[in-house]
Every structure is written in C-alpha cells, then in structure tokens.
Amino acid sequence: MEAQTVVRPAGKAGNRHIVKKTFPVLEMSCAACAVSVESMLKTAAGVRDAGVNYANQSAWVEYDDTATNPEALRQTVQSIGYDLVIEDEEEARRQQEEAQQRRYVALKRQTIGASVLAALVVILGMFVMELPGVNHTLIRWGSLILTAPVVFGFGRQFFVNAFKQARHGKANMDTLVALSTGIAFIFSAFNTIYPEYWTSRGLAPDMYFEAAAVIIAFISLGKLLEERAKSNTSSAIKKLMGLQPKTVRVLVDGAEQDIHIAQVTVGQTIIVRPGERIPVDGRVTNGQSFVDESMISGEPVPVEKKAGDRVFAGTVNQKGSFQFIAEQVGGNTILAQIIRMVQEAQGSKAPVQKLVDKIAGIFVPIVLGIALLSLVAWVAAGGDNAFTQGLLAAVTVLVIACPCALGLATPTAIMVGVGKGAENNILIKDAESLELGQRVTAVVLDKTGTITEGKPDVTDWSWTIEPTQQRTYQSVLLSMEAKSEHPLAEAVVRALSEQTVERIAMSNFDSLTGQGITAERDGERFWVGNRGLVEQRGLQLPDVVKDLTNQWQQEAKTVIYFANQTKVLAALAIADRVKETSRQAVADLQRQGITVYMLTGDNAATAQAVAQQVGVDNVRAEVLPADKAAFVKDLQDKGQIVAMVGDGINDSQALAQADVSIAMGKGSDIAMDVAKMTLITSDLNLVPKALKLSRQTVRTIRQNLFWAFIYNLIGIPIAAGVLYPIFGFQLNPMIAGAAMALSSVSVVSNSLRLRTFKL
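Residue numbers (full-length UniProt numbering): 1 to 759.
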C-alpha cells in the first residue's frame, strides 16, 4: 500500500515523524464493524487520526512512528476480533484477496445450507404439522434438530458479531438477528422439551422454529449478495496496474538490456517499439512515432511524437519506434497518480443501510428494555399466571420486533430498482448510486465517446470534378491513405471502404513530414495533405471549396485536401460526430433542474463547437485527468451532488471522485469498472432515465422504512400488553410471528411495484 511520510512540528514536544499508511482490514462484516475498528485505531497510542472504508475493506492511519508501529496497530485491531495486513503491497493485496474469497465461499455455503434446512423446517411446521394423525411431538423434535444447525451453525457469525458489538457497548443488525432468532429458538426448544409447563396452565406450547430458520436464511442471502458486490471493487485498480509493462528495455553503454519496471531510474534511456506500452513518463530524444494518449486526454486521435515531446506511462506507441529519457518513475508517473486517486476516491459513501444500522443501535436496547419492562409489569400486577403472562409478553415483544422488515426494506427496493435499470440498458453496480442519484444537482459530461461517437469520421466532401470521374479518383485516394500511418487516414479509408471503392496499385509513395503524403499512378502524381501542401504546390482553391473549408474549420473540423499536379480534386472534413441523442439528453437533464457541464482534453474551438450543437453552456477545454477530478471536487466543495459521465481511462479519476459515476458501455474497461453505473447502449438519454429511476427507488425505500418502523411502533406496545387492561387482550406469540411475516410481505410487495414504473 502507498505510504506518505511527512514531518510536522508539535510545539514543545519537538518534531514528530508523522507517517500515513493504508492497510487492508480483514474480517469486517458490516458498517458497524468499520466504526469499531476506526474508533479503536483513533484511541491507540501514537495515532494522530484514522479512517476506515468498509466498502474497500481498508483503513488509513496517520501516526507518530516514534510512539507506535504497524505491529502495535495490528494488535489493537486484533483485540476486537479483526485483523490488519501490514506486509508489503503485493503481500497485503494477496492476503486481502484470499480473505475475501474465503469469506465469499463461506457465505455461499452458509446461505445454501441455511436455505435448505429452513425450507424443511417450514414444510414440517406449517404443512406436515396440520396433517391428520401426525405425531406432533415427533414433528417438534424434528424441527428442533433441523433448526439448531441453522441458528447456531450457519448463523453462528451473527451471534459472534453481536457479542463483539456488545463488548464495546454497541449494537447493529446482527444484534437484532441474534436476539430474535436466539430467543425464538430457546423459547421453542423449551416448549419442545417441557410442553407440560404450558399445557398445565391451559396454554398451548407454541413453536417458532421456522421463523428463526427463515430469518437466518434470508439475512445470509443478503450478506452473500453484498460480499459479491464488494469483491469486485479492486478489479479497476488491477487493470490500471496492468497498463504498466512489467519489464522495460533500456540502453546501457550502447547495448539494449531488459530490466524490471521497479529498477528504472530517472535519467535512463528507454527504447519503445511499435505496439508497446510506454513504461514511465519522459521526453523523446530520438525517433518519431504516433502515440495513443486516449487514457490521458480522452481524444481518439493518436498524437505525433518527435524529439523533445513528452510521453506518459500507460500510453500506447503506434507504428514507429523511438527512445526517450525517463523523467518520472514509480509513484510519480501520471498513471501512478491516477491509480492512487482512484484508490482514495473509490468505494461507497454512507448508503441508507448504514443509517438502518445506526437506528438498530438505538432500537435494540429499547426493545430489550420494553421486553424486560413487560415482564416486570406483569409480575408486579399479580394474578394467577402473572409470571407466565409476563414471560409470554416479553417473548412476543422480541418476536414481533424481529428485524426482517427493517432488513428487507432497503435491499428489496434496490434489487428491483437494479433489475428495472437492467431492463432499460442501465447496469447498476451498487445501492449507493441509486441512493445518491436522486440528489444529483450537477452532471459533468466527457466530450469524446460520451457526447460524441468517440472516433474521427469523414463528415463532409466537396469534389471539384465531374461525378463520372470521382470513382477513379476515389480509388487513388483510398489506396494512398491505406499506406499512410497518419491516424486521420483511417477515417478516410473507412469512409471510402463503406462506399465499396476498390484499391489500386500506387507507386513512389512518400510521406511529407508535417504536410501529408504523395504517390504516383501511371505517371500522374497525387498529393493528400493540409492547406500548406496545397499552397506549396501553387494550386488555387475554387471559391465554393474555399467557403466550405472555412465553414468546416469554424466548426472545429480538420480539413484534408486531395490534389494532382494541376488542381485540387477534393476537400474533405474529418471530425468526431455528435451522437443523435446527445442534445435531447442534455435538454432532459436541464428540465430536471440539473446543471450540465462538458469537460474535454480537446482544444477550446472544438469544445465550443460541440457544446453549441448539444446546448451545453458550461464548458472546460484542454483538461487533463487530474483537472477533471479537481473540477468535480470543486463542484462538490460548493455543495453540489455531482454525477460524472465518461468512457475513457482518462475519466477514471473523475468517475471515482464523483458522487454518482456513469460509464458509457462502449468505453474502456477501466471506466466501466470504476463507474457505479454503465449504460449498455451508450445512449446519453439513459442518463436522465437513470436519475429518474434513482428518485423512484429512494422513494420506495423511504416508504418501506416508514412501514417497517410504524409496524414496530404499533406492534411492540400491543405485544407488551397495553390493550390487556382495557380489552383483556394479550397478543399471542404465534400471531406476533404472523404479523412479523406480514410486515415483510408488505415491504417486498411495495418494492415490487417498482417493476411497473415507467422511465
């Protein structure tokens, strides 16, 4: 992991050596676990500050290395049942991946086992028990035997986590699960072993084995889905790291030598051949080529590199080869900075479920207090069966307060919302994006590949010759451009190939540096290039063509000329086309009251031309990846909730920084990995639809939480017996169990209504 070391003054104590390091944390299973680890680290000796990210299972610690060390920090975390990986970066990553894989496999086994046994318990308790002539005692014992491994075997972790929280005076959803299932099982086991206690008092020995088993199965399934989502959070970092080659070819005393990337030092001469990735940042000293810098600038056209030009790690060399001097290596390259910023910004930020955990911390002690108060009140009131009725009231309170509805309120709405998005070509990775999407006030759009198609195309033609002659000269132009190494030549080749133009043999082909290319056909010479090439030949442009080319240039299009020895045969414009859906998408966002911004690494003229076409008023041009992320952060600092939409590696920093990150489906793997939403069709109209889906999903979550809490606010007092003095009514635990199940059904049914919502 990256470590930053700084020295800060500390008054009379002198200068302290403050170190900031990030460590993977193992064994965290809920947001409350992260809170516990963070609080323990902050109180440890020598620690200045600390923070824990539950989403990516890591902790950063700022500490005085003269007062403590990583091993001491590890022991502090281990004292509350978790672990800190303090080994080197590679070993730490390996241990964290292995721990995540082990936990996922264990949760999968737990969920399958609990589900199978819970299904058998439900069949026995709710169906077989009602059959005539069945031995009820045998069924009860069978249910006990099947439920015990579910509650105390597959559900053991809930009890372990609840105990950990209790040791530090805290409670979470695991506490509620452990209490409700534990009490339900113990109460049912007592009634199975000693039913006479109730029958002698004229009461039925009720059983709640199926409730305990089903709760464990459902909650386990939810945790399994959560763990699977979390296990994918590091894939973007791995792919970014994969952009840097493992070995580098350097020039040592005039001889080529392959060394490991970690051994490269500033000042070494590095050789890059066609098709290779550039390993570190530096400056070209010898040779010439075109380099694909789309991961840095986002622009699809490779950039020409010659002596004196800068090159960057992770970018891809095209057809030429060159040598360059290493200037920035290791963690100082732009690629390393992108990786570091993605690591720092990636991860969930306070989803609704964390709020539910906080509420559970207050809810559990209240429920326990009410249950105990119910027992005491019944005993104090006296009566023939005061203790029995008090015990029934206490158990009923605990059963009816089961967290099933509370636990299902958020995930069921999220699951249906995610499914609804998938039906509409919107892939949503996690709950956070749906929760935050409805609060978005600003949308930042990358230009290339997001607003535009992402590749240069021939947009306009102007021929100065008769249509009958054009086919022959089209073949000449196609054959010349097919031999060219210039990136824009591919656009011409693609356009002519789509018109089924045939290639012909050309001779004496030559590349004219900074101008274009030339070749011969049957003794006639042709040129393809820029305006300077035409003027050097002394050729005049017809007024019509001159007016058209001036108009194209005002629209920020690149103009190419095709000429022979006597005249200009054609002029053509090349540009990155704006998608047909872009203008409508921008208008829809603006109608929703959202401010739209456009960022691009392209020049200001091109940026303004595209912005005018789609109706965007706020434009930033010639921005680098770090500038995009800084712009997003600046908006956030001003109180905006920002959604970033992009498609390239260069957008990954800004995507990771944004509150809601959306990647275009035809973009880079890195952008799609970092983003929390991916638009499969690259249709920009899906952005306003995704935000609309977010608003409806969050509305459903709020409705679910309202009904879950209202159910408890009404049900718990009735279970405690407040109606008994007035109406002589005491709620039966079996009815409480049914009410508990009904509350869960109502929450799920409300979530399913999302399926009918029209985007």
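By construction, the Cβ of each residue, glycine as well, lies at the ideal position given by its N, Cα and C atoms. These numbers were taken from a predicted model, which means no experiment stands behind them.
Boundaries of the alpha helix (DSSP H) harbouring Ala630: Pro625 to Asp637, taken from the DSSP string.
Taking a cut-off of 8 angstroms on C-beta distances, the stretch 203–215 touches the stretch 176–186, as three or more cross pairs fall below it. Met664 has Leu679 as its beta-bridge partners, per DSSP. Looking only at Ala204, Ala394 and Ser115, the smallest Cα-Cα distance to Ile216 is reached by Ser115. Around the beta-carbon of Gln268, 16 or more other beta-carbon atoms lie within 10 Å, marking it buried. Remark: C-beta atoms of Leu684 and Val645 approach each other more closely than 9 angstroms. Only residues of its own chain outside the window of five on either side were considered, and among them Gly308, Asp309, Arg310, Val311, Phe324, Ile325 and Glu327 have a CB closer than 8 angstroms to the CB of Arg283, listed in chain order.
Every alpha helix (DSSP H) of 4 residues or more that sits fully in the stretch 517–557 is shown, in chain order, as 531–536 and 543–554. A straight line joining the alpha-carbon of Gln469 with that of Gln565 spans about 16 angstroms. In this structure Ile86 does not touch Arg48 by the C-beta definition: roughly 18 angstroms separates them, more than the 8 angstroms allowed. The C-beta of Val150 has 16 or more other C-beta atoms within 10 Å across all chains shown, which makes the residue buried. Secondary structure within the stretch 572–612: the beta strand (DSSP E) runs of 3 or more consecutive residues, fully enclosed, are 595–599 (chain order). When DSSP states are grouped into helix, strand and coil, Ile278 belongs to the coil group. Restricted to the stretch 43–129, the alpha helix (DSSP H) segments that are unbroken, complete and at least 4 residues in length are 70–78 and 89–126, listed in chain order. Scanning Gln389, Ser143, Ala609 and Tyr197 for the CA closest to the CA of Ala118 turns up Ser143. Within the same chain, Cβ atoms closer than 7 angstroms to the Cβ of Met126 are found at Glu210, the five residues on either side in sequence being excluded.
Counted as a single uninterrupted DSSP element, the alpha helix (DSSP H) harbouring Asn712 occupies residues Leu686 to Ala720. Residue range Pro467 to Lys483 is occupied by the alpha helix (DSSP H) that includes Val476. Distance from the CA of Ser200 to the CA of Phe387, rounded to the nearest whole angstrom, comes to 14 angstroms.
For Arg249, the enclosing beta strand (DSSP E) stretches over residues Thr247 to Val252.
Your pair Leu477 and Val528 checks out as a contact, with CB atoms roughly 7 angstroms apart and the cut at 8 angstroms. Residue state for Met644 is assigned as strand, using DSSP reduced to three classes. Counted as a single uninterrupted DSSP element, the alpha helix (DSSP H) harbouring Thr137 occupies residues His136 to Pro149.
If you draw a straight line from the Cα of Ile517 to the Cα of Phe509, it comes to about 7 angstroms. In the three-state scheme derived from DSSP, where H, G and I count as helix and E and B as strand, Gly308 is classed as coil. Inter-segment contact for the stretch 648–665 and the stretch 673–683 is present: three or more beta-carbon pairs are separated by less than 8 angstroms.
Bounds of any alpha helix (DSSP H) do not take in Leu759, whose DSSP letter is neither H nor E.
A straight line joining the alpha-carbon of Ala212 with that of Gly153 spans about 13 angstroms. The beta carbon of Arg753 sits closer than 8 angstroms to those of Thr700, all from its chain and outside the five residues before and after it, given in chain order. Distance from Ala585 to Val687 at the Cβ level is roughly 6 angstroms; contact confirmed, criterion being Cβ atoms closer than 8 angstroms. For Asp292, the closest alpha carbon among the candidates Lys305, Tyr197, Arg103 and Val364 is that of Lys305.
Sequence-distant partners of Gly320 (beyond 5 residues in either direction) whose C-beta falls short of 6 angstroms from its own C-beta, in its chain, are Gln288 and Ser289.
For Lys164, the uninterrupted alpha helix (DSSP H) segment begins and ends at Arg156 to Arg167. For Val77 and Lys164, the gap between their C-alpha atoms comes out near 12 angstroms. In the DSSP assignment, the residues bridged to Asp292 are Val316. At a Cβ-Cβ threshold of 9 angstroms, Val264 and Val280 count as neighbours.
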